[in-house]
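Residue numbers for the sequence shown follow this note's numbering, so the first one is 8 and each next one is one higher.
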Amino acid sequence: MITRFIVRAHEWIEDNQVWRRGAILAQGGNRALVRADPASRRVEIRVGGDERTRRDLLAVIRSHFQAIHKTFTESAGKEAFPVQSFLCPPQYPGLRLNYEDLLTYERDDLREIPATWQGRTIRLNVTAVLNGFTTPEARRQERERLFLEERMPREIHYHEHRHFEADVVSGSVVNLGNDNLIQQVSRTLSPEIERTLQELTAAVNAMLEHLSGEQAEEVREDLKRLQEELQKPKPSRKWYSISIEGLRQAATNLDQIGKPVIELAGKLLELLGKLS
């Protein structure tokens, strides 16, 4: 998921400060750290800078994640990919408050709530806490969105799927499956790079059945972005490196099943490096 976010928010990345599990973003004098912890299945967002405008940067970040979450829930349902957001007031280090609960308290005009922090009970002004992170208008829109989601009939199913399967490379033509459509894009690559990419694609496809649903989706996205980047006249080393590293990370704990992916990904990165 964090890789998808990095690709979507690349225009905000500050001075190429990006790595496999995070990035530094900047906007209007404000800076944000966005990083993922795969073990706890958590993404942490820290925003600093001008108190009057830093909410705008946070809003940009949250909008990208909401769009990413939507691709999961539309294909598999909200129950399959539950997402929770927490606010961490800076004046109370370590305190985590459920964002949707705060929206409900504000809607019901509950002005103060108790919370336990460092072994003692404190009272928090709901609106003041929320104002530190979002605007009243943004919260109104968020409540409306949650209201509609809760009342949407379960019989309604979404049909906009964004998967791709059986990506292959043949000669100088890259075949990409997107929304069940095959796109063919000609590109002049060296025979060795073409062959390595083809072998890597086959190895990744063989690995997919051994991954969980969300992890497999991320691997598919990494492979797709890698192939799309290599279609460009001047592939960006930063972006294809992120995709290749994502494939290697996914294969790390799969022993012999993941070994071909790790070796071929490393070989492809080396070959691409010689083009720079």
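Backbone N, C-alpha and C define an ideal beta-carbon position, used for all residues, glycine too. If you're wondering where the values come from, they're calculated on a predicted model, not measured in any experiment.
**Asked** Which word fits residue 142, buried or exposed, when buried means at least 16 other C-beta atoms lie within 10 angstroms of its C-beta?
**Response** Exposed, by the Cβ-count rule.
**Request:** Please classify residue 208: is it buried, with 16 or more other beta-carbons within 10 angstroms of its beta-carbon, or exposed?
**Result:** buried
**Prompt:** Looking at C-alpha atoms only, which residue of 125, 32, 138, 248 is the closest neighbour of residue 71?
**Reply:** Residue 32 is the option with its Cα nearest to residue 71.
**Request:** Could you have a look at residue 39 and say whether DSSP puts it in helix, strand or coil?
**Result:** Note: residue 39 maps to strand in three-state DSSP.
**Asked** Taking the C-alpha atoms as reference points, what is the distance between residue 279 and residue 22?
**Response** When rounded, the distance between both Cα atoms is 23 Å.
**Item:** Exposure of residue 24, with buried meaning 16 or more beta-carbon neighbours within 10 Å
**Value:** Exposed: under 16 other Cβ atoms inside 10 Å.
**Asked** Relative to the C-alpha of residue 38, which residue among 45, 46, 60, 44 is closest?
**Response** When only C-alpha atoms are compared, the closest one is 60.
**Item:** Separation of residue 42 from residue 50, as counted between CA atoms
**Value:** 6 Å
**Item:** Residue span of the alpha helix (DSSP H) that contains residue 273, given as start and end
**Value:** 262 to 280
**Prompt:** Whose CA, out of 269, 121, 62, lies closest to the CA of residue 133?
**Reply:** 121
**Three-state class that DSSP yields for residue 46 in the structure shown** = coil
**Request:** To the nearest angstrom, report how far apart residue 178 and residue 218 are at their CA atoms.
**Result:** Any reading at residue 178 must be qualified, since the residue scores a pLDDT of 33, below 50, and its modelled position is unreliable; no value is offered.
**Request:** Assign residue 63 to one of three DSSP states: helix, strand, or coil.
**Result:** helix
**Prompt:** Cβ of residue 96 within 8 Å of Cβ of residue 136?
**Reply:** yes
**Message:** For residue 163 and residue 140, what's the separation of their Cα atoms in angstroms?
**Reply:** Here the model assigns residue 163 a pLDDT of 34, short of 50, so the residue's position is not dependable, and the following value carries that caveat. When rounded, the distance between both Cα atoms is 33 Å.
**Request:** Flag this pair as yes or no: are the beta carbons of residue 252 and residue 48 separated by less than 8 Å?
**Result:** no
**Item:** Residue nearest to residue 36 in terms of C-alpha spacing, selected from 281, 63, 239
**Value:** 63
**Request:** Look at the alpha carbon of residue 20 and the alpha carbon of residue 274, and state the distance between them as a whole number of angstroms.
**Result:** Going by the C-alpha atoms only, they are around 28 Å apart.
**Item:** Three-state secondary structure (DSSP) of residue 22
**Value:** In this structure, DSSP gives residue 22 an extended state, which the three-state scheme calls strand.
**Prompt:** Buried or exposed: where does residue 243 fall if 16 or more other Cβ atoms within 10 Å of its Cβ makes it buried?
**Reply:** exposed
**Message:** If we require 4 or more residues per run, which alpha helix (DSSP H) segments fall completely within the segment 98 to 163?
**Reply:** 106 to 114, 133 to 138, 143 to 158
**Request:** State the Cα-Cα distance for the pair residue 108 and residue 30, rounded to the nearest angstrom.
**Result:** Looking at the two C-alpha atoms, the distance is approximately 28 Å.
**Asked** residue 103 to residue 220, Cα distance in whole Å?
**Response** 28 Å
**Message:** What would DSSP say about residue 16, mapped onto helix, strand or coil?
**Reply:** Reduced to three states, the DSSP call for residue 16 is coil.
**Prompt:** For residue 117, which residues of its own chain have a beta-carbon under 7 Å away from its beta-carbon, when the five flanking residues on both sides are left out?
**Reply:** 133
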